[in-house]
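Peer 1:
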Amino acid sequence: INKYLATCGVASRRACDKLITDGKVSINGKRAELGTDVNEKKDKVTVDGVPVTLREEHEYFIMNKPKGYVCTVKDDKGRKTVMELLPEEAGRVYPVGRLDYDTEGLLLFTDDGDLAFRITHPRNEITKTYLVKVEGSIGDNELNRLRAGVELDGKRTNKSVVKVIETDKAFTRLHVTVSEGRYHLVRRMFEAVGKEVVFLKRIKIGELSLGSLERGKVRRLHADEIFYLKNI
């Protein structure tokens, strides 16, 4: 049922699970349960009483998220959300994964729940690459620890690709590629080696990059980019 709802563009699979457990989803007039099978040709599925049907086409957008926005549809603290930056033509899409309030960069939006699930599920280990800026220099010992994995909350992080791209006495800029999605992962990795991240920007998901997309701007994904993400 959660896959069916996600494919219909209702929300991500995780968000659909909550709708189901909250009792908002019905199949043929009866409250749905997690794991229930759906016959898309015969069953009538509703969310809050509103019928949902499979969509033949989906929407896909890429954003260069600026800092100062949260990755949620609504924010109970009154902060600006990334939804405010989407064009009207975007329709009912939602962000794929999250970037925190102070992090910039590549953010995907879609109503394709299967694709969102594929990109965000930990078992797929889809890489994300970040531009990281830290104060001062960083030594080989710290770099090697980051590459090998550091311990966070009692569990070692996966191996990472870490490359210094620019350094001086004041700051060091690096490209860091990770294959997991723990909370504030990159910032906490650097904290573990005694470095504070002062700027963080996601620049790639797999090999899909921001390119020349300006900060705060949004565009539709091209057909070849959609194909890549579906087959990554």
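Residue numbers (the numbering used here): 916 to 1147.
The beta-carbon is built from N, C-alpha and C at its ideal position, and this holds for glycine as well.
#1: Which residue from Thr1018, Ser1094, Gly1006, Asp1083 puts its Cα closest to that of Thr1035?
#2: Could you check the C-alpha separation between Ala926 and Val967 for me, to the nearest Å?
#3: Could you say if the segment 1049–1060 and the segment 1016–1032 meet the contact criterion of at least three C-beta pairs nearer than 8 Å?
#4: Is the shortest distance between the beta-carbon of Lys1078 and the beta-carbons of chain C less than 7 Å?
#5: Per DSSP, Arg1071 is paired with what?
#6: Using 10 angstroms around the beta-carbon of Ala947, count the other beta-carbons present and answer buried if the total reaches 16, otherwise exposed.
#7: With three or more beta-carbon pairs closer than 8 Å as the criterion, would you say the segment 1139–1147 touches the segment 1118–1131?
#8: What does Ser1124 pair with, by DSSP beta-bridge criteria?
#9: Taking 7 Å as the threshold (C-beta atoms), are Val953 and Ile916 in contact?
#10: Excluding five sequence neighbours on each side, which residues of the same chain lie with their C-beta closer than 7 Å to the C-beta of Val1077?
#11: Could you have a look at Tyr984 and say whether DSSP puts it in helix, strand or coil?
#12: Suppose you measure from the CA of Val960 to the CA of Val1113; what does that come to, to the nearest Å?
#13: Compute the distance between the beta-carbons of Lys982 and Asp1017, then report whether it is under 7 Å.
#14: Compute the beta-carbon to beta-carbon distance between Asn943 and Asp932, rounded to the nearest angstrom, for a pair I have assumed lies under 8 Å.
#15: One question on the structure: do Leu1001 and Arg1117 come within less than 7 Å of each other, judged by their Cβ atoms?
#16: Can the beta-carbon of Arg1135 be found less than 7 Å from the beta-carbon of Phe976?
#17: Going by beta carbon distance, what residues of the same chain come within less than 7 Å of Ala1005, once the five residues before and after it are set aside?
#18: Where does Asn979 sit, in a helix, a strand or coil, going by DSSP?
#19: Going by beta carbon distance, what residues of the same chain come within less than 7 Å of Lys1110, once the five residues before and after it are set aside?
#20: Please report the straight-line C-alpha distance between Ser1127 and Asp937, rounded to a whole angstrom.
#21: Check whether the Cβ atoms of Arg1103 and Leu1067 lie closer than 7 Å to each other.
#22: Quick check on Ile935: buried or exposed, where buried means 16 or more other Cβ atoms within 10 Å of its Cβ?
Peer 2: In terms of the structure at hand:
#1: Ser1094
#2: 12 Å
#3: no
#4: Absence of chain C from the displayed structure is noted, only one protein chain being present.
#5: Glu1066
#6: buried
#7: yes
#8: Lys1119
#9: yes
#10: Leu1058, Leu1061, Arg1062, Leu1089, Val1091
#11: coil
#12: 47 Å
#13: yes
#14: Not confirmed; about 20 Å, so no contact.
#15: no
#16: yes
#17: Glu974, Phe976, Phe1024
#18: strand
#19: Val1049, Ile1053, Glu1057
#20: 42 Å
#21: yes
#22: buried
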